[in-house]
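Chemist: Residue numbers (the numbering used here): 245 to 588. No residue lacks a Cβ here, since even glycine has one placed at the ideal position from N, Cα and C. These numbers come from a predicted model, not from an experiment.
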Ligand code: SAM
Ligand code: SF4
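Written out as C-alpha cells, the structure reads:
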C-alpha cells in the first residue's frame, strides 16, 4: 500500500483548543518511533535479513523530535511513548527523555522495548523522567525465545523487567504476541507471573504485516479464544486495568499484584477510543496504524517551522484521521511495521 504524503503547511487549517479529530475524539497521545532498526528479528515483525533501513540523515534528530513535541504539546498532546524498531539502540535515549519531560504540558513519558538493553539503561531513563515501560516478551523458554526473536536473550529481558520494577516504574506491562503451536501453551505460565508481582501481561493478537501473512493465517489466535483459555480454571476475574492509554481488557486472580489483559487490534472498539497519532523515525505523522496517509513534518521542521506552524500541522492532520482501520484477518497491512506497535 503506497503511503500518500500531504503538505498541510500549504493550507494550514484554522482552529483553537486541544486537538480533536473529525469524529470528536480528543487526541492527546503521540507515539514516537526513534529508530526503525532493531537488535532482534521477531518472526512476526521483520525478515531475518532486516529491512531496507531508513538512511541515518533522514532520521529525526533529538532536537527535531523535541521541536515537534513542543508543537504537539501546545495543542493538547500530553502523553508520549517512545518506540521503534528498538528504541534502546538509539544512543543516549535518556537525553531525549529528559528533554521531553521538560516540555510544558507533557506529563507522561512511556517506553516500548524488547528489554534486551533495559537493565543497563533503566536507572538513567527513570532519572530522566521515564515513568512507564512496556516490555515485549513472547515466551519464557530460551529455546523458543531464540526461535521467535531469531536471536538469544531471554535472561537479559527478564533482568530488564526486574530492573524496571526495582527502579519504581509503574505500571510495568509485558506484551506477548500469541501464536498457535509456538507459544499458546504458555498463557497460564504468563498469567502466573502476575500473582506476586505488579506485572500486567497483555496477550496480543497476531497482526498481518508484509512478510508474515502466511504465519498470521496459520498462527492467529483470537482474543476471545485467549480469554476462554485463561479463564478455564475460573480463577481470573474482570478488573480495571492499570490506566494509561492502552486498549486492553484486564482480568486478575483474586488478591494478585498484577493482571492479565488481551488486546485485539482487529476489533473496532479499539478505534472508537483511539486517542493517538504516530510519528515515524523519518518524521512522518501517521494518523492510523493501518491508515494510508502520512504528513511530512520533517521537511517543515528542518526548514525552521515555528511551534505554531508545527501545531498547525497537527491540527490539520485531524481532518484526515480515519474513523477506523480496515484491517482484515489474513490480509497485509504494509504500513503497520514501520510505525510499530499495537500494545507497545
Ligand atoms: N522493539 C520494541 C518491542 O518489541 O517492544 C518496540 C517496537 S515493537 C514493533 C512494538 C510491539 O509491536 C511489540 O510488542 C511487538 O510484539 C508488536 N508487534 C510487532 N509486530 C506485530 C504483529 N505482526 N502482530 C502483533 N504485534 C506485533
Ligand atoms: Fe524488533 Fe520489536 Fe519488531 Fe521484535 S517486535 S523485531 S523487538 S521491533
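Buried or exposed: where does residue 481 fall if 16 or more other Cβ atoms within 10 Å of its Cβ makes it buried?
Modeler: Within the chain shown, numbered from 1, the residue matching residue 481 stands at position 237. Burial call: exposed.
Chemist: What does the alpha-carbon distance come out to for the pair residue 516 and residue 363?
Modeler: Here residue 516 corresponds to residue number 272 of the chain shown, with the count starting at 1. Here residue 363 corresponds to residue number 119 of the chain shown, with the count starting at 1. Answer to the nearest angstrom: the Cα atoms are 36 Å apart.
Chemist: Return the CA-CA distance between residue 303 and residue 472, expressed in angstroms with no decimal places.
Modeler: As a first step, residue 303 is located in the chain shown; it is residue number 59 there, counting from the start. As a first step, residue 472 is located in the chain shown; it is residue number 228 there, counting from the start. Distance between the alpha carbons of residue 303 and residue 472: 43 Å.
Chemist: So, helix, strand or coil for residue 449, using DSSP?
Modeler: Taking the first residue of the chain shown as position 1, residue 449 is located at position 205. Strand at residue 449.
Chemist: What I want to know is whether the C-beta of residue 451 ends up closer than 6 Å to one or more non-hydrogen atoms of ligand 2.
Modeler: As a position in the chain shown, residue 451 is number 207, starting the count at 1. Flag unset: Cβ of residue 451 not near ligand 2.
Chemist: Counting only runs that start and end within the stretch 459 to 487, where is the beta strand (DSSP E) found for 3 or more residues in a row?
Modeler: Counting whole runs of 3 or more residues, the stretch 459 to 487 contains the beta strand (DSSP E) stretches 480 to 483.
Chemist: Counting only runs that start and end within the stretch 496 to 530, where is the alpha helix (DSSP H) found for 4 or more residues in a row?
Modeler: The qualifying runs are 513 to 516.
Chemist: Is the Cβ-Cβ distance between residue 372 and residue 318 less than 7 Å?
Modeler: Locating residue 372 in the chain shown gives position 128, where the first residue counts as 1. Locating residue 318 in the chain shown gives position 74, where the first residue counts as 1. Not closer than 7 Å, so no.
Chemist: Grouping DSSP H, G and I as helix and E and B as strand, with all else coil, what is residue 401?
Modeler: As a position in the chain shown, residue 401 is number 157, starting the count at 1. Reduced to three states, the DSSP call for residue 401 is helix.
Chemist: Among the candidates 272, 299, 292, whose CA atom is the shortest distance from the CA of residue 325?
Modeler: Locating residue 325 in the chain shown gives position 81, counting from the first residue. Closest by alpha carbon: 272.
Chemist: Using beta-carbon positions only, say whether residue 333 and residue 345 come within less than 7 Å of one another.
Modeler: The residue you call residue 333 lines up with position 89 of the chain shown. The residue you call residue 345 lines up with position 101 of the chain shown. Their beta carbons are not under 7 Å apart, which means residue 333 does not touch residue 345 by this criterion.
Chemist: Tell whether a beta-carbon distance below 7 Å holds between residue 298 and residue 280.
Modeler: As a working note, residue 298 is residue 54 in the chain shown. As a working note, residue 280 is residue 36 in the chain shown. In this structure, residue 280 lies closer than 7 Å to residue 298 by Cβ.
Chemist: Looking at ligand 2, does it come within less than 6 Å of residue 284, judged from the CB to the closest heavy atom?
Modeler: Walking along the chain shown from the start, residue 284 turns up at place 40. Yes, the Cβ of residue 284 comes within 6 Å of a heavy atom of ligand 2.
Chemist: Thinking C-beta only, is residue 421 closer than 7 Å to residue 428?
Modeler: As a position in the chain shown, residue 428 is number 184, starting the count at 1. As a position in the chain shown, residue 421 is number 177, starting the count at 1. No; because the gap between Cβ atoms is not below 7 Å, this pair is not in contact.
Chemist: Below 8 Å on the Cβ atoms is my guess for residue 278 versus residue 340; work out the distance and round it to an integer in Å.
Modeler: Residue mapping note: residue 278 aligns to position 34 of the chain shown, counting from 1. Residue mapping note: residue 340 aligns to position 96 of the chain shown, counting from 1. So it is a contact: roughly 7 Å between Cβ atoms.
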